[in-house]
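**Q** Note that my numbering has the sequence shown beginning at 30, numbered continuously upward. Glycine included, every Cβ here is placed at the ideal spot set by N, Cα and C. Bear in mind that the values here come from a model prediction, so they are computed numbers and not experimental data. This is the structure I want to talk about, given as structure tokens.
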Amino acid sequence: MPHPCPACADPRPSTFFDLPAVPVFCNILSSTQDQARAVPRGDISLASCPACGLIFNAAFNPALITYSGTYENALHFSPHFRAYAQSLAQDLVSTCNLRRKRLVELGCGDGSFLSTLCQLGDNRGTGFDPAFDPARAGPLDPRVTILQKLYGPDTAGEPADFVCCRHVLEHIERPLDFMTHVRRTVGNRPDTIVFFEVPDVAWTLEQLGIWDIIYEHCNYFSAPALRRLFAAAGLEPIATSSVYAGQFLTIRARPVEPPASFPHSPDPDDERFRSLIARFGQRQRAKVAEWRSRLADLAGSGRRAVLWGAGSKGVTFLNTLAADAATGLAHIVDVNPRKHGHFVAGTGQEIIPPQRLTALKPDAVIIMNPVYRDEIAAQLADLNVHAQVLEA
């Protein structure tokens with residue numbers, strides 16, 4: 030049965046890729062191997078909208094999504110990611126003139142990014158996140174307040190000069206409803222800047238970043254689809270940018286009068302995305318087959334391999350390949366100390382710190398994100414671990 034587009038409501042989306050029975054949460058902390066293997070699962074059936082360009086999971090069931098205190102997805106333990114976040118904050122302060130302004134962040138997590146924005150520009154910030162856990166958050170800038178509630182007209186307080194939201198929109202089942210809510214809460218303030226960051230589906234399609242397809246992400250945005258969504262909500266796009274080595278997509282917009290109907294104006298990139306979507310399933314299957322063969326070759330030759338990166342990419346890699354200790358991948362490394370001693374959702378490997386590699390002496394280290402290659406290579410050298418580095 031056709032599934033209407035969750036953004037523009039067009040009735041014609043068609044599915045182009047299926048991935049059944051994947052863990053609902055990649056970043057849940059399981060304290061035992063049995064618990065990790067028994068995590069809830071859901072189906073992925075990616076569909077593309079021919080009208081607005083949104084890619085979404087037509088099989089998504091929001092009833093399966095319940096975030097808890099055992100969810101752990103902090104990235105700031107990586108120096109490379111911290112440097113990126115610092116650079117992004119500096120760019121926003123400069124580009125958007127964020128000095129002595131009132132800032133708001135939706136889905137602020139531990140508040141670290143909002144704190145950086147306030148420190149750099151002497152700003153005052155309010156973060157909104159129902160899942161905020163003060164016990165796990167680091168020290169916040171005194172100009173920052175975190176509210177454990179949703180952003181809306183009744184909670185927003187005084188008007189904001191800048192509203193940001195990073196890596197939240199892809200988790201929202203009804204993205205137009207969400208953006209319309211944001212627009213209504215911002216109000217008719219043409220000088221307010223709205224900034225969002227999401228994963229860039231162009232990376233997934235062009236670079237075959239197939240390990241980025243996870244159940245929690247019910248929507249996948251290209252730049253044209255994101256611009257159309259913002260315009261439909263009454264947020265005029267100022268600029269979109271591909272950042273973080275092409276893996277993330279950012280947009281800056283300002284509030285304007287919402288249009289009477291969803292804008293479906295053609296974009297020069299539309300045909301390119303249609304071509305990428307048409308070939309994606311075949312290319313994904315070829316890449317999975319290639320990695321099954323590589324893992325079999327490593328195990329058959331007696332070479333010990335470990336995976337580096339227990340985030341969404343690593344968990345998806347292991348579950349897609351059904352890779353566990355029996356297939357030669359018994360360990361997965363991560364720099365996040367909160368994950369150590371826990372087990373990978375679905376396949377059950379223990380998550381270990383990099384220091385354990387000194388004793389394990391792996392012959393090959395499979396890294397899940399090429400953006401961290403230099404950082405990982407430096408850590409391996411510091412540990413005197415001489416292993417072949419492979420990019421998944």
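1. Between V285 and Q148, what straight-line distance do the alpha-carbon atoms span, to the nearest angstrom?
2. Please report the distance separating the alpha-carbon of D47 from that of C78.
3. Is A87 closer than 7 Å to H32 when the C-beta atoms are compared?
4. Jot down the residue ranges of each uninterrupted beta strand (DSSP E) in the stretch 86-121, minimum 3 residues, whole runs only, in chain order.
5. Between the beta-carbon of I267 and the beta-carbon of C125, is there less than 7 Å?
6. Give me whichever residues DSSP pairs with C193 in a beta bridge.
7. From the DSSP output, in three-state form, read off D298 for me.
8. Look up H360 in the DSSP assignment and say whether it is helix, strand or coil.
9. Quick check: N56 and Y100, are their CB atoms within less than 7 Å of each other?
10. How would you label H415, buried or exposed, when you count the other beta carbons within 10 angstroms and need 16 or more for buried?
11. Return helix, strand or coil for V272, following the three-state DSSP convention.
12. For the pair the stretch 34-54 and the stretch 200-207, tell me if three or more CB-CB distances fall below 8 Å.
13. Can you have a look at E187 and say buried or exposed, based on whether 16 or more other CB atoms are within 10 angstroms of its CB?
14. Taking three-plus beta-carbon pairs below 8 Å as touching, is the stretch 238-252 in contact with the stretch 338-352?
15. Between the stretch 129-148 and the stretch 173-193, do three or more beta carbon pairs fall short of 8 Å?
16. Would N365 be called buried (16 or more neighbouring beta carbons within 10 Å of its own) or exposed?
17. Mind the definition here: the stretch 59-71 touches the stretch 369-376 only if three or more C-beta pairs lie below 8 Å; say whether that holds.
18. Do A282 and F259 have their C-beta atoms closer together than 7 Å?
19. Going by C-alpha to C-alpha distance, which of D190, T184, Q236 and A421 sits closest to L324?
20. With a Cβ-Cβ cutoff of 7 Å, do P49 and A76 count as a contact?
21. As an exercise, report each continuous beta strand (DSSP E) stretch of at least 3 residues that is fully enclosed by the stretch 153-223, in chain order.
22. Do you know whose CA, among A334, R212, K316 and A112, lies nearest I396's CA?
23. Since I believe T44 is in contact with S74 (beta carbons under 8 Å), could you give me their beta-carbon distance rounded to a whole number of angstroms?
24. Measuring CB to CB, does V122 end up less than 7 Å from G154?
25. Expressed to the nearest angstrom, what Euclidean distance is found between the alpha-carbon atoms of Y273 and D229?
26. Going by DSSP in three states, S144 sits in which element: helix, strand or coil?
27. Determine the closest residue to T269 out of I280, S59 and Y249, with distance taken between C-alpha atoms.
28. Going residue by residue through the stretch 338-420, where are the continuous beta strand (DSSP E) segments of at least 3 residues, counting only ones entirely within it?
29. With distances taken between CB atoms, is the gap from T214 to G181 smaller than 7 Å?
30. Can you list, in chain order, the residues of its chain with a C-beta nearer than 7 Å to that of N398? Leave out the 5 residues immediately preceding and following it.
31. By DSSP, does L252 sit in helix, in strand, or in coil?
**A** Answer, in terms of the structure:
1. Walking along the sequence shown from the start, residue 285 turns up at place 256. Walking along the sequence shown from the start, residue 148 turns up at place 119. Computed Cα separation, rounded: 30 Å.
2. What you label residue 47 is simply residue 18 of the sequence shown in a count that begins at 1. What you label residue 78 is simply residue 49 of the sequence shown in a count that begins at 1. Each residue's Cα considered, the two are about 16 Å apart.
3. Counting from one through the sequence shown, the residue named residue 32 turns up at place 3. Counting from one through the sequence shown, the residue named residue 87 turns up at place 58. In contact: H32 and A87 (Cβ atoms closer than 7 Å).
4. none
5. Here residue 267 refers to the residue found at position 238 when the sequence shown is read from its first residue. Here residue 125 refers to the residue found at position 96 when the sequence shown is read from its first residue. Taking 7 Å as the Cβ cut-off, I267 and C125 do not qualify as a contacting pair.
6. For this step, residue 193 is matched to residue 164 along the sequence shown. Partner(s): E134 and F224.
7. Residue numbering aside, residue 298 sits at position 269 when the sequence shown is read from its first letter. Coil at D298, not helix or strand.
8. Against the sequence shown, residue 360 aligns to sequence position 331. H360: strand per DSSP, three-state reduction.
9. For the purposes of this step, residue 56 is identified with residue 27 of the sequence shown, where counting begins at 1. For the purposes of this step, residue 100 is identified with residue 71 of the sequence shown, where counting begins at 1. Cβ atoms of N56 and Y100: closer than 7 Å.
10. As a first step, residue 415 is located in the sequence shown; it is residue number 386 there, counting from the start. By the 10 Å Cβ count, H415 comes out exposed.
11. For the purposes of this step, residue 272 is identified with residue 243 of the sequence shown, where counting begins at 1. Here V272 sits in strand by DSSP.
12. yes
13. Position 158 of the sequence shown holds residue 187. Result: exposed.
14. yes
15. yes
16. Numbered from 1 along the sequence shown, position 336 holds the residue referred to as residue 365. So N365 counts as buried.
17. yes
18. Counted from its first residue, the sequence shown places residue 282 at position 253. Counted from its first residue, the sequence shown places residue 259 at position 230. Result yes, Cβ atoms of A282 and F259 sit closer than 7 Å.
19. The residue given as residue 324 occupies position 295 in the sequence shown. Nearest option by C-alpha distance: A421.
20. The residue labelled residue 49 in the question sits at position 20 within the sequence shown. The residue labelled residue 76 in the question sits at position 47 within the sequence shown. Result no, Cβ atoms of P49 and A76 do not sit closer than 7 Å.
21. 153-157, 173-176 and 191-195
22. Counted from its first residue, the sequence shown places residue 396 at position 367. It is A334 whose Cα lies nearest to the Cα of I396.
23. For the purposes of this step, residue 74 is identified with residue 45 of the sequence shown, where counting begins at 1. For the purposes of this step, residue 44 is identified with residue 15 of the sequence shown, where counting begins at 1. Confirmed, about 5 Å.
24. Translated into positions along the sequence shown, residue 122 becomes position 93. Translated into positions along the sequence shown, residue 154 becomes position 125. It is not a contact, given that the beta carbons lie outside the stated cut-off.
25. Along the sequence shown, read from residue 1 onward, the residue named residue 273 stands at position 244. Along the sequence shown, read from residue 1 onward, the residue named residue 229 stands at position 200. Going from the Cα of Y273 to the Cα of D229 covers about 10 Å.
26. Here residue 144 refers to the residue found at position 115 of the sequence shown. Note: S144 maps to helix in three-state DSSP.
27. What you label residue 269 is simply residue 240 of the sequence shown in a count that begins at 1. Of I280, S59 and Y249, the residue nearest in Cα terms is I280.
28. 360-362, 379-381, 393-396 and 417-420
29. Walking along the sequence shown from the start, residue 214 turns up at place 185. Walking along the sequence shown from the start, residue 181 turns up at place 152. Yes. Within cutoff.
30. Here residue 398 refers to the residue found at position 369 when the sequence shown is read from its first residue. Answer for N398: G338 and K342, listed in chain order.
31. Within the sequence shown, residue 252 is the residue found at index 223, counting from 1. Leu is not the amino acid found at residue 252; the sequence shown has Ala there. In this structure, A252 counts as helix in the three-state DSSP scheme.
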